[in-house]
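Report on the following structure.
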Amino acid sequence: MSISLDEYLKNNPLRPAIKAAFFDIDGTLLSLDGHYSAALKRSIARIKAMGVKTAIASGRPYFATRFLWQELGLSDAGVFCTGAQIYEPQAQREHRVHYLPQAVKQRLIQALREADIYYELYTHTGFFVERNNAPEILTVHAQHLRCEPSHCHFDAVSEPAVKLLIGANMHKDGRILQQLEAAFPECIFAYASLPAYPEWLFASIIDKNASKAAAFDYLLDYHQVSASHVISFGDAQSDMAFLSMAGIGVAMGNATAQVKAIADVVTTPVWEDGVAVALEALVT
-17 MSISLDEYLK NNPLRPAIKA AFFDIDGTLL SLDGHYSAAL KRSIARIKAM
33 GVKTAIASGR PYFATRFLWQ ELGLSDAGVF CTGAQIYEPQ AQREHRVHYL
83 PQAVKQRLIQ ALREADIYYE LYTHTGFFVE RNNAPEILTV HAQHLRCEPS
133 HCHFDAVSEP AVKLLIGANM HKDGRILQQL EAAFPECIFA YASLPAYPEW
183 LFASIIDKNA SKAAAFDYLL DYHQVSASHV ISFGDAQSDM AFLSMAGIGV
233 AMGNATAQVK AIADVVTTPV WEDGVAVALE ALVT
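Residue 213 in the working numbering is what sits at position 231 of the sequence shown, and the numbering runs on without skipping anything.
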């Protein structure tokens, strides 16, 4: 059952002080155009001044979030690549990384070539595409990541892969994603959508040992906070671990029904400053 901010505040007049806040990016901090609002920037600056740890918990690689460290100060240790990386921007320190095993990566790439769907490969330094069969998706994705892909055959990429990203238009190729997930039980498929293209579904593919739940526990220990003092924000299936494990899990108004159902509270959509609205109400 989805609970509004007003209902949550009424039912929980006494709440633990928030000491850490984790933020998904696309569809949560950034709206349909890939930008954030002035109200969001003010709200994050306010809670940082209170001493709240602020960090990213996203499917993005850390190199595609640099503008958020620099402009919003989200520089504490957080999660990237859907749990495959734990990185601390402030200290430029990588805490943990789970690579896709080479043999698994090769099988995946071959399966993706045969399926003829959209796919990208991510390493420490950048992201790669070897065919541009959805130019509108690639253009928007590169704009939102604020970095350009390298175009090459994946056999020429010597660096280990942190994740693969795949996407399909649900009206045409929706079943392919589920078929691939069933064929690769040694991987985690974390699903999300691109707000600008809601008819598309994407999956970040990472090593099975790289779960967001394990990353959440690691960050609690590192930041020396208990789950009851954490607030997390998200809009997609890949955010559900952080939402369900935090003391306050906040689903965006634009989140799926499944995500809203496991959250403690539902705020307004990203295009109505949902994160800022929730921070002003819940972190005081």
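We put the beta carbon where it would ideally sit given N, CA and C, even for glycine.
Look up C134 in the DSSP assignment and say whether it is helix, strand or coil.
coil
Using 8 Å as the Cβ pair cut-off and three pairs as the minimum, do the region 171 to 187 and the region 195 to 212 touch?
no
Proximal residues to K35 (C-beta, below 6 Å), its chain only, five neighbours per side dropped
A2, D58, H205
Just to confirm the assignment, what range does the alpha helix (DSSP H) spanning R95 have?
84 to 97
Considering just the uninterrupted stretch of the alpha helix (DSSP H) at G256, what are its terminal residues?
256 to 264
Residue(s) in a DSSP beta bridge with T36:
A3
Below 8 Å on the Cβ atoms is my contact criterion, and I expect A245 with G231 to pass it. Report the Cβ-Cβ distance as a whole number of Å.
5 Å
Which residue marks the beginning of the alpha helix (DSSP H) containing A21, and which one marks its end?
20 to 31
Please classify N191: is it buried, with 16 or more other beta-carbons within 10 angstroms of its beta-carbon, or exposed?
exposed
Distance check for P177 and H126, CA to CA, integer angstroms please.
11 Å
Taking the alpha-carbon positions, what's the A37 to E102 distance?
25 Å
Just grab the DSSP bridge partners of A233 for me.
G216, V248
My output table needs one value for V122: the three-state DSSP class, helix, strand or coil.
helix
Report the CB separation of S(-16) from D255 in whole angstroms; it is logged as a contact under 8 Å.
Going by Cβ atoms, the distance from S(-16) to D255 rounds to 18 Å, so no, they are not a contact pair.
Thinking C-beta only, is L(-13) closer than 8 Å to A263?
yes
Cα-Cα, which of G216, E181, F198, D137 is closest to A85?
D137
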